[in-house]
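Visitor: Can you keep this structure in mind? I'll have questions shortly.
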Amino acid sequence: MVYAGLMPDRGSLKLRWVFVCALPLWGCDREVELEHPEPVAAELTCEGASALTRVWTPTRRAELDTALQQVPGEWPQQLLGILDDRVATRGELWQRSYERACAQDQRQIQRCLDIQVWEFDAIVALATAHSEHAAGMWAEIDAVLRDADACEDRSEPSFDAPGLSPTAARAWASLRLLLNASDYAAAGEAVAALERDETIMQTPAYALPVAVTEMVVALSGEDAERASAALAQAQALAAGLGGRAQMTLAQAHAIAASSRHDEPAMLSALDQSVAAARAQPDPWLLFLQLRNSGRIRVQLGDAAGAVEPLAEAVSLSTRLAGAENPHTAEVQISLAQAQLGLDRVETGYDLLTQARDSFVNTLGPDHPQTIASVEAIGQLFMTAGRPGEAQYAYLDLLEIYGDLYGPKDWRTALVKLAIGDSLMAMEQHEGARTMYMEALVPLVQGLGADDRAVIRTSIHLGIAELALGNLDVAHDHCRRGADLAKALAEGDPLITEAKACMDHLAAARSPKPKRKR
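In our numbering, the protein residues as written are -15 to 501.
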């Protein structure tokens, strides 16, 4: 997972799509084949009540454990523990709810409960086959069986659908996880497989997420015509599905508008998704829409407009799951960014500290979300002109990355680059030079000589050497950085830094005029 700041910066980035579908778009298994799906159990046999025991078997748990052991850090075992705990504490409640719904012929409640297990199944499948995606699924893992007792109050058109075979259910549940992982190729494969399933495509509640995913995949490939056709299909499918489907459709319109760089249309669609969520009985849907709306506004630079939805999302998540839960912490980071945009440094720091502590206690001290919150604290203090306080955060990161990857890894080197910059801001040039020198070779080896992090390190090392009076050495680094910076896009700030490095060097070398006697 890449985080801005310590991870290599790639120049200007397009607005990140935030897509959390109001209809469940869950789980993943790359090996999707639905040409000859297994038969679906009859609606009233209540076989679905035993689905959880088929999903979380000792064998599948052991396979997931083996896969997660390949991922560095302690956090994978913490996530595995969350799944164990949810099955132990919520599994029986889920089964009783299913049996009761089945006995009363409550198909909508059954589908609501089915979807929870399909999500669980999909998470296990994806994390086992592609453990590199496990860290990014923390929110879905934390939500497993969270609302096992809530389906009885959520009878709505979106859940009035026939059952699916386990293979089809897992494939359908793959869509959101694949989109969240930005794995558009695999998402496209899943869509192609699902489009061959008659039950999926003839049931609007199932076909809608397929159409929206098709649109996102098409946009990722810059196929505007295909995306437009998929959006039109989604709009037709959503017409008779109720408010939950309207949220999905509003999000699809927001994504489409984002791809056109139409900010007013995108924000209008986000507002519509929030309004639709307020009318739904599931409070987590409102939380997701508020989070998305606020996060997008932060990315657009509208700090003032982001504060209200993000603050409401924090309040709602705290009420639903407590002050110390990872969903609240995630939104606190976005809210902190908004507060910083309004120059409220201390408020931003308090929010980031709360988020960090929550992530440490729920996901683990070395989980990427925890690391991101620590990095954000460092960036906050650097932006506020308090490099000494930023250094404490960066030293924590140095210890974490050193333990995870070793002192010579490029990720550890990026932390050293950040520490070097904090030392330079305090005019501790010798210490900064040491950090830059230790960072340079691992960055070249890990990222390539033309990576922006390498260019930045070369330029900053040249500036440090210049400050220490080592003009010849400074010239080598400044010249190398300036040459590499020529390949960057026009207006890139590193080009300006490289020019300043060469200009200061030239000024230092120019003979000073003699004083007149």
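Glycine is no exception: its CB is placed at the ideal position from the N, C-alpha and C atoms. Owing to the predicted nature of the structure, the values given are computational and were not obtained by experimental measurement.
Can you tell me whether Lys400 is buried or exposed? The criterion is at least 16 other CB atoms within 10 Å of its CB, across all chains shown.
Guide: Classification for Lys400: buried.
Visitor: Tell me whether Glu76 sits in a helix, a strand or coil according to DSSP, three-state version.
Guide: Correct three-state label for Glu76: helix.
Visitor: On the three-state DSSP scale, how would you describe Asp131?
Guide: Residue state, collapsed to three classes: coil.
Visitor: With distances taken from CA atoms, which of Trp156, Ala202, Ile125 and Glu136 is nearest Arg539?
Guide: Look at the range of the chain in this structure, -15 to 501, and you will see that residue 539 is not part of it.
Visitor: Write down every uninterrupted run of the alpha helix (DSSP H) in the stretch 175 to 243 whose length is 4 residues or greater and which is fully enclosed by it, in chain order.
Guide: Fully enclosed alpha helix (DSSP H) runs of 4 or longer: 182 to 186, 188 to 204, 208 to 222 and 227 to 243.
Visitor: Let me know the beta strand (DSSP E) ranges lying completely inside the stretch 234 to 302, each 3 residues or longer, listed in chain order.
Guide: The stretch 234 to 302 contains no whole beta strand (DSSP E) run of 3 or more residues.
Visitor: May I ask you to report which of helix, strand or coil DSSP gives Asp334?
Guide: In the structure shown, Asp334 sits in a helix (DSSP, three-state: H, G or I).
Visitor: So what's Leu148 in DSSP terms, helix, strand or just coil?
Guide: It is coil, neither helix nor strand.
Visitor: Within the same chain, show all residues whose beta-carbon is closer than 7 Å to that of Gln230, passing over the 5 residues directly before and after it, in chain order.
Guide: Only Ala222 and Ala260 meet the Cβ criterion.
Visitor: Express the C-alpha separation of Ala249 and Ala484 in angstroms, rounding to a whole number.
Guide: Approximately 41 Å between the Cα atoms of the pair.
Visitor: Please state whether DSSP places Trp394 in a helix, a strand or coil.
Guide: Trp394 falls in the helix class under three-state DSSP.
Visitor: Between Val428 and the rest of its own chain, which residues show a CB-CB distance below 6 Å, the 5 nearest in sequence each way excluded?
Guide: These residues qualify, in order along the chain: Val438.
Visitor: Kindly indicate which residue of Leu388, Ala377, Tyr420 and Gln412 has the alpha-carbon position closest to the one of Leu398.
Guide: Selected option, being the one with the closest Cα: Tyr420.
Visitor: Three-state secondary structure (DSSP) at Gly120?
Guide: In the structure shown, Gly120 sits in a helix (DSSP, three-state: H, G or I).
Visitor: Tell me whether Gln61 is buried or exposed, calling it buried when 16 or more other Cβ atoms sit within 10 Å of its Cβ.
Guide: Exposed.
Visitor: Looking at the secondary structure, which residues open and close the alpha helix (DSSP H) in which Asn164 lies?
Guide: It spans Leu159 to Asn164 - the alpha helix (DSSP H) in which Asn164 sits, taken as one unbroken run.
Visitor: Can you list, in chain order, the stretches of the alpha helix (DSSP H) that have 4 or more residues and sit fully within the stretch 28 to 65?
Guide: If we require 4 residues or more, the alpha helix (DSSP H) runs fully inside the stretch 28 to 65 come out as 35 to 39 and 42 to 52.
Visitor: Can you list, in chain order, the residues of its chain with a C-beta nearer than 6 Å to that of Ala313? Leave out the 5 residues immediately preceding and following it.
Guide: Taken in chain order, the residues that qualify are Ala339, Ser342 and Phe343.
Visitor: Count the other CB atoms within 10 Å of the CB of Leu455; is the residue buried (16 or more) or exposed (fewer)?
Guide: Its Cβ having fewer than 16 others within 10 Å, Leu455 is exposed.
Visitor: State the DSSP-derived secondary structure class of Asp405, mapped to helix, strand or coil.
Guide: Of the three classes helix, strand and coil, the one that applies to Asp405 here is helix, per DSSP.
Visitor: Assuming Leu452 is part of the alpha helix (DSSP H), what are its boundary residues?
Guide: Note, Leu452: premise wrong, no alpha helix (DSSP H); not H, not E.
Visitor: May I ask you to report which of helix, strand or coil DSSP gives Met410?
Guide: Here Met410 sits in coil by DSSP.
Visitor: Count the other C-beta atoms from every protein chain shown that fall within 10 angstroms of the C-beta of His444, then say buried if there are 16 or more, exposed otherwise.
Guide: Buried, since its Cβ has 16 or more Cβ neighbours within 10 Å.
Visitor: On the three-pair Cβ rule with 8 Å, is the stretch 293 to 309 touching the stretch 265 to 280?
Guide: At 8 Å Cβ cutoff, the stretches touch.
Visitor: Do Asp144 and Gln219 have their C-beta atoms within less than 7 Å of each other?
Guide: Against a cut-off of 7 Å, the Cβ pair of Gln219 and Asp144 comes out as no contact.
Visitor: Classify Ala234: buried if its beta carbon has 16 or more other beta carbons within 10 angstroms, exposed otherwise.
Guide: Ala234 is buried by the Cβ-count criterion.
Visitor: Please classify Glu359: is it buried, with 16 or more other beta-carbons within 10 angstroms of its beta-carbon, or exposed?
Guide: The residue in question, Glu359, is buried, as its Cβ has 16 or more Cβ neighbours within 10 Å.
Visitor: Determine the extent of the alpha helix (DSSP H) in which Ala377 is found, giving its start and end residues.
Guide: Its alpha helix (DSSP H) spans residues Pro371 to Tyr389.
Visitor: Would you mind giving the Cβ-Cβ distance between Leu452 and Arg395, rounded to the nearest angstrom? I have them listed as a contact below 8 Å.
Guide: The pair is not a contact, with the Cβ atoms about 28 Å apart (cut-off 8 Å).
Visitor: Less than 7 Å separating the beta-carbons of Trp102 and Ala153?
Guide: Yes, the Cβ-Cβ distance between Trp102 and Ala153 is below 7 Å.
Visitor: Just to confirm before moving on: does the CB-CB distance between Leu203 and Ala132 stay below 7 Å?
Guide: For Leu203 and Ala132, no; Cβs fall outside 7 Å.
Visitor: Would the stretch 121 to 135 count as touching the stretch 65 to 77 if we require 3 or more Cβ pairs under 8 Å?
Guide: Touching, yes, given that three or more Cβ pairs across the two stretches are closer than 8 Å.
Visitor: Looking at Pro150: is its Cβ nearer than 7 Å to the Cβ of Thr183?
Guide: Against a cut-off of 7 Å, the Cβ pair of Thr183 and Pro150 comes out as no contact.
Visitor: Between which two residues does the alpha helix (DSSP H) harbouring Lys483 extend?
Guide: Element bounds for Lys483: Pro477 to Arg493.
Visitor: Under the rule that 16 or more other beta-carbon atoms within 10 Å means buried, what is His554, buried or exposed?
Guide: Residue 554 falls outside the range modelled here, since the chain spans only -15 to 501, and no answer is possible.
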